[in-house]
Amino acid sequence: MTLAYALAIAVLAACGVHMMLSRHAVRILFGVAVLSAAVNLVIFYAGRIASDVPPVILGGQDALASSAANPLPQALILTAIVIGFALVSFVAALALRLWRSVGTLDGRELGDAERLGTPFADRERRP
Amino acid sequence: MLFAAVFAGFPAALLARFLAARVPHPGWVCALVPAALFAAFAAMGAGLGEAALVERLEWVPALGVGLGFRLDGFSLLFCLLITGIGALVCVYSGAYFAEKPRDKGASFLALVLLFMAAMLGTVLSDNLVGLYVFWELTSLVSFLLIGFDSHQVAARKAALQSLVVTAGGGLCLFGAILLIGSAMGTFSLSEIAARGGELTASPLAPAILVLLCLGAFTKSAQVPFHFWLPNAMQAPTPASAYLHSATMVKLGVYLLARFDQAFAGMPAFGTTLVVFGTATLLVGGLRALMQSGFKGILAQSTVGSLGLLVLLIGLGGEAAALATVGFILAHALYKAALFFCAGNAIHATGRTQVTQMSGLGPRLPLTAAAAALAAVSMAGLAPMIGFVAKELVFEAQLADAAGALAIALVVVGNAAFGMIALLSAVDPFWKRRDAPSEIKHRETPGLVLGPLVLAGLGLLFGLMPGLVAQTLIVPAASALHGAPIEASIYLWHGFTPMLALSAGVVALGVVLYLAWPRVHWRLGEWPPLVALLGDRGYYAVFDGILSLAERSTRMLQNGDQRRYTATVVAATVALVLAGLLLAAPGFAIDLDASALHPAPLAVLAFIVAGALAAARTRSLLAAMVSVGIVGFGSALVFLVNGAPDLALTQFSVEVLVVVILTALLLRLPLNPVPTRTRGERRFDAVLAAGFGLVVFVALAAMTAVPFDPRLSAFFAAASYPEAFGRNVVNVILVDFRAIDTLGEISVVCFAALGAWSLLRRRTGSGGAK
Amino acid sequence: MTAVLLANAVLWPVAVPLVTAALCAALWRHVGAQRLVSRFGTLALLCVSLFLLWRVVAAGTQAIQFGSWAAPFGVTFAADRLGAAMAAITGLMAVSVMIFGLADIRRREEAAGFHVLFHGMLTGVNGAFLTGDIFNLYVWFEIMLITAMGLLAIRRTRAQLDGTLKYAVLNLFSTLLFLLAVALLYGATGTLNMADLGRVMPTLPPSATLTISALLFLAGFGIKAGYFPLFFWLPASYHTASITIAAIFAGLLTKVGVYACFRVFTLIFAADDGLRGILAVMAAGTMLFGVFGAAVQWDVRRILSFHIVSQIGYMLLGLALATPAGLAGGIFYIVHHIVVKANLFLIAGAIHRASGTFDLRRSGGLLKRSPLLAVLFLVPALSLGGIPPLSGFWAKFMVIDASVKAEAWWLVGVALFVGLLTLYSMTKIWMEAFWKAPVLPREAARPVPAPMLAAIALLSTVTVVIGLFAQPFVVFADQAAASLADPSAYIDAVLGPGTAAAPRTAP
Amino acid sequence: MRPSPLARALDCLVLAAVFQRELVTSSVAVARAAFARQPRTASAIIAMPIALRTDFGIAVLANLVTLTPGTCSIHVSDDRRTLFIHALDAEDPDAIVAGIRTAFEDRIRRIEG
Amino acid sequence: MILLSLLALASKLVGVVFLFAAALGLLRFSDPLQRMHAATKAGTLGAGFVVLGVVLQLQRLDATLIGLAVVLFLLLTIPVAGHLLGRAAYVSGADMGGLRGPDALEGVLDRQPAALEALDADAGLGREL
Amino acid sequence: MMETLSALLDWLSAGLVTLLMVPLALTLWRMVRGPGYADRFIAVDMLTGIAVAIAALTAGATGRREFLDVAFGIALISFVATCAFAALLERKGGRR
Amino acid sequence: MNSIVLSAFSRLFFLLMIAVSLYVLYRGHNEPGGGFVGGLIGASGLAVLALAEGVDAARRALRLHPVAVMGLGLVLALLSGVPGLVTHGSFLTHWWLHLGSLHLGTALLFDIGVYMVVIGGVLALVLRFYEEDAGS
Ligand code: NA
Ligand code: NA
């Protein structure tokens, strides 16, 4: 079972990377989202997937049942999810801004940064 | 005392920059500093005898670096030359810049004083690192002086060339110094000289030798680095006189001389110096034949002279030491004088070529006289110090039992000096061409003091060598030799083999002089020779490196986002593979026996399908939905594995991501044209698969690692009794690891704020379409 | 109260900028008030970070536990000499850049959240320097990343947006690699506290998980730090930032990646031969290709950006040697380079102000127009070029000397060669911007304002002081390196006295 | 004239009960259709005139329509006089409209008062 | 007690069957609006039955309250969602292959002549990006 | 007897989750294959119901109320996503 | 979206979601929930408002500037750690008030800070993303 998780996570990571390799900003963004989902699952996996009992202490008890799931990775993933959400939102805003300013999100047409002060301009102008 | 002497120059330079623009006769005022230092060194030298004056100061003891200053006979010679000529250069510069903007003259004088201090530091340093510090400073000041007329392209180019060559050599020297430190455990020159056996026995000795020679050869313009020095004549004449003839370029020689004792046990050292010195001597002489610029000719002769000096250091024995010292002294006196004279002639006529000057003698009489005297010395004729020095050179050669060929080569080289001497003393001043050159500036006291004093000293020391023999030459030679030398120096030795060689030199020199007008332009335009002897090689290397740089940069930083990401992913995968191969940690999997639960399996399949669909679809909207599947599936994974908090959060976040992404996609075309070719996509698939494999291997191997539940056990036990919360996950978030959460909400805050600002309405006009 | 202040010395360099950022955000509508809070916060940051440095020097490694939860259960902040020095230099950078910003930051940027993001970034940077928890480190990295992107795009020019995108893609990948590595490490060790990891790791048998984790850390930090061949985002983006921002980026951000490498590959993963070999190759590539890039550029900022990469190689070289001398050299190099590179970017801003362009092909004449700037330029430029006796000389000295002692000859060769090319490109700036006669009369050219010169002078002075009085700095670096090489003091400070020496048992 | 609060509450309850019944039957219908060998495809969009006073009332009606068999409200005209309904199986549009009117609209109108 | 458990199981089973039906409808119905009927109605009811079944099974006050709240929320939100999606589908020009009867909305709402996704086919480009 | 029955019921309850994977898969098919964007969004909407059911069934299977909370949250919030989808379709359809 | 059905229900949904979000926030320490999820649910309520009635309605509903809300949330979260710093010398050590089985502490303040940051942040994002494009 564990290996099934490992395999699924690996496929997820590969798909995320494949999308990040695109030249389209939004697709890259999707790739980041998929890859970060994969990484979150890795954290979950690293805490060992062993139980379906929530790590909530039942009323009347003082300590968590030993059968409960590992709470620490859950807390870590929560943090990671939120951070991932923030980053994805920001990059989405960036993409929107780029679209409004430049009119494209295709990497082949986005070159304003490296055209700035490039030493190769003279040659690039040549066909 | 030595400290004061070395460091006096720095504040003096600073002061000069401000004062020189404001006082009358700034040259004379500034000359007070080197003059005073000259006096001080003379006084110190008088009491020196065979001993050395040593002062030490800790600097960076943690690195074994101190500022040790050591004054012995050899450094005394240099110190006197530096300060003495320095004083004259100051005077001369004052006059030279008299009609230029005062700021310019002030800057120049400041640089001269700075340079003087750096030179003193170099020749006085006993610690190699300290020496290197000052050494680099001289390169730097030289750079600033060569490019002093910075609006001229040629000046900038020459400055850069000299810097690249000398600083490059400096780095070699630096390497040598570090190797020495590693081999010997000390940076002290005197200690290294004393423990030379250890040095040559070290396995690093050959590397040290090579690096050291590279450092010295670049500085002293030895073949194959001879090209920069003549180009450096772009500097104002006083700088040429000071740095590029009399003092700085001799630093390489100085360094080699200092290591002569240490490398005594290594014959390769001497051989190398002789070979390169001879080659430089000949190249300098030959290139002098090819030139017609006044300063250029002199510069070429300087190259030759430096070659001769290196050659002399390569020879063994007392005679060689005497010859080295004697020639250093003689050369400094006549070459600086000649440069001053050349400067006067150029300054007066505004022309730079010897062939463009004529009949200056009557109108620059003192200059002409000084030039004549200096030229006699340079030609090695009695009764000048140059004659004495040349006799010493031949004596050293004969004493070393150098082969006939070597002696012949030296004769040829010296003949070239003779030719140059004649050329510089006769042609501009006494030769009559069509019309005498026009004179724009007349001689002033400042302009003639330097040449007259130097030429006069050449005559004085030639007539009365005793004045300098026992006070300067012999102590210096002894210091160089490492043992006291008993010698007396006379102008007239009687009829010796050396005298015969001298006669040969003179005769050949005259022949060359007569041939020069016909030869120099033909040689100068003969491409193979120019290519061989010029700076073609330098530019080939320089441009080669730059073009390599350009190609590598165009390849790596080519502006294509995908290429960047692909390289990074490939590098990551390669790193992991390399690391696994090198570390060979072994690979174990614990195939757990627990049954496959269908529900989680189905959810996993659901996620995988979503991810694959997202990666494959072209439509952005479909991709968004597929990415949503992944997020939603993760939530389900959390849900069925005992993580309700996570599931809820993941689900909520997924919803909000959808809310935001739909707003983004609202503005975009949903089916953008493909941005990757089919081939690129396949390549990317391979990369992605590699990355996935890395993840899989890491996760699979984790099954064989036992889990340490310490942290979770603590949280499970402490959550309610100590932190008063039943939801352990939330207790971790707000209490056990609250600082993580604080950081996390900071990220949210900054991200939202960043987005808020990014998407703010345009204020004002302008910007993109 | 005093006791609280003293005991929490390691907290303040993070808390002060975070509070400042939060207050600035709360005062969103009141730019003037933000500015006031921000300036005060910057000064306070310098004070508290110097205070931390003093505490560490006086009383040894400082550690606190958040929420009173003992390590390794709660989150630790810990400062040894390295961490404290990095925090102190961050404070110095913040103040200098703020001084420069007096003449450079526009109101429009302030209204777009400059102050919040600026202090947020400082929070992230200091958090990364001071945290003792590997997951917490991830959080600070993310704060750094998000604020850096916000700052980078603050003027929203097309170049900035494009640069930010390139910055974002690779840096997002980097943080994901980092998080992946953290997860693997947690899975293999069950702990997140770095001191605890340092204690536990030697007891663990080798496993592919740990090895991959280590290399993913290297890749993740390597992207942040700009190692070869992971640096592409840096020259693609830094030159687009407005100069105040570019300066602090250039000074600090990549160094956080380097710092993290130093920390992780000394405390947690011991650098074995294989890893050292990999690091060495990366170091050489970083030095070479960085300087190659710089050599062909004509835009001052792009030259400087590529030089960041190149210089990072020297720091990595120190780590690759993994000897105390190498580490010391690396640490000295980091400190030196932060000051110098930030200063050079500030000077680039001043050059722009004085000549109206960043492009060397079109600038010139500044030696005449602004001689003071020329002199001030020479200091960091020559220092970067390794000219003695400036700080860069000692940095190169230490790193190359350590390579010599480790008999890494080819690295010595590369390091020396790169030094020459570095000097070459600094010379290029000098010749084109200062020496050359101006190409065109420029309307945009203005005199350099006093705050700019003051900031530049401040940092130049620091460079000169480090160079002339290198001994205490070298000793400090040596001590910092010693505590990296033998982390038992760090472990004891976090986990309690005697922990490091106690017999280690596998879980 | 406004009905008494008690009557309105009662009407609400009745409405809820009717709605529950309709929901179940509608779902059963859909389920039957889904499992059927040949899913019916003869749907239509029907306009239903309405006479409700409040937006909330209209919204409630629309929702109830959506949850009842084979119908789904798609649009309310801007003048709030017509409800457009998508009927899954629209063999007799008038019957559908009449059903909705008696089951829901009248009751809602009463509750609106 | 056991009766209640059986009832709970039955309720859950009914819910699952409804969900099944809904999914099947989603798959088999011929146009988006028809599919929406399946998703909204059968889906809601199915989820509701499952939740009720669980409430019956757990037999705890807090669970009951929450469970009823879930059902309430479903009943409140799903019709609105269905309404919005249906209208949007119509406006966006989604395929209406199952529409055999009259289209009373024609001329009332602007409907795009071709579906958004049809642009793929128009461009004649492959699916992959 | 009672125990056996109750165990049987538990087993059946657990099996129900597995059973739900079928509609999940069918919905997935609709989401991935479309063909229209509206179809995909409707399928996403359908997912809400399935998710609520899965959460509830998990609550039943584990006897823990916490999972019902999740169902509660899903029921409430997924509506927002559907609104966003509808807004996208409508505005996109209106504008192109 | 000018749908009467949605508009009529949006206030209801909004209020419902805010209420639920506060409830989730409050009991997060003992049950699933907490500041973050609470904030997300609350923000979703605002998002519904923004979608149904336009961004200005949502902005009015929050009353304060969203960035300022974030800032205040951050300040609150930071402040919640200060009492512990003063009394225990350790930042983020929470104070507790025990009323029988009810434990009230500064941890709740911290969670409220989280809640505010999330509400402000998500609202800021939604507002900006759903603003009509200026001039395009
Ligand atoms: Na960075
Ligand atoms: Na840097």
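Protein chains in written order, with full-length UniProt numbering: chain R, 1 to 127; chain W, 1 to 769; chain P, 1 to 507; chain Y, 1 to 113; chain B, 1 to 129; chain H, 1 to 96; chain X, 1 to 136.
Glycine is no exception: its CB is placed at the ideal position from the N, C-alpha and C atoms.
Could you check the C-alpha separation between residue i and residue j for me, to the nearest Å?
i                      : j                      : result
residue 111 of chain R : residue 637 of chain W : 41 Å
residue 228 of chain P : residue 576 of chain W : 15 Å
residue 478 of chain P : residue 156 of chain W : 41 Å
residue 17 of chain P  : residue 73 of chain X  : 16 Å
residue 185 of chain P : residue 198 of chain P : 12 Å
residue 468 of chain W : residue 294 of chain W : 31 Å
residue 768 of chain W : residue 464 of chain P : Low local confidence applies: a pLDDT of 36 at residue 768 of chain W is under 50, so the model's placement there is unreliable, with the coordinate-based value given in what follows. The alpha-carbon atoms of residue 768 of chain W and residue 464 of chain P are separated by roughly 44 Å.
residue 186 of chain W : residue 409 of chain P : 20 Å
residue 772 of chain W : residue 2 of chain W   : Past the edges of chain W, shown from 1 to 769, lies residue 772 of chain W, and the structure says nothing about it.
Closest to residue i by C-alpha separation, out of the options, would be which residue?
i                      : options                     : result
residue 88 of chain R  : W/660, W/141 and W/592      : W/660
residue 622 of chain W : W/55, W/669, W/380 and W/32 : W/669
residue 138 of chain W : P/429, P/470 and P/387      : P/387
residue 44 of chain Y  : Y/6, Y/70, Y/24 and Y/64    : Y/70
For residue i, which of helix, strand or coil comes out of DSSP?
i                      : result
residue 228 of chain W : helix
residue 22 of chain R  : coil
residue 58 of chain W  : strand
residue 232 of chain P : coil
residue 126 of chain P : helix
residue 56 of chain R  : strand
residue 22 of chain Y  : helix
residue 94 of chain X  : coil
residue 388 of chain P : coil
residue 331 of chain W : helix
residue 618 of chain W : coil
Applying a beta-carbon distance threshold of less than 8 Å, which residues of chain P neighbour residue i?
i                      : result
residue 770 of chain W : With chain W represented from 1 up to 769, any question about residue 770 of chain W goes unanswered, as that position is not in the structure.
Could you work out which residues of chain W lie near residue i, taking near to mean beta carbons separated by less than 9 Å?
i                      : result
residue 117 of chain B : 619, 621, 622, 670 and 671
Residue i touches chain H at which residues, Cβ-Cβ below 8 Å?
i                      : result
residue 161 of chain X : A question about residue 161 of chain X goes unanswered here, because the residues of chain X that appear run from 1 up to 136.
Against residue i, what residues of chain P qualify as contacts under a CB-to-CB distance less than 7 Å, listed in chain order?
i                     : result
residue 67 of chain X : 25 and 28
Against residue i, what residues of chain Y qualify as contacts under a CB-to-CB distance less than 8 Å, listed in chain order?
i                     : result
residue 40 of chain B : 66, 67 and 72
Taking residue i and residue j to be in contact with their CB atoms under 8 Å, please state how far apart those CB atoms are, rounded to whole angstroms.
i                      : j                      : result
residue 220 of chain W : residue 274 of chain W : That pair is no contact at about 15 Å.
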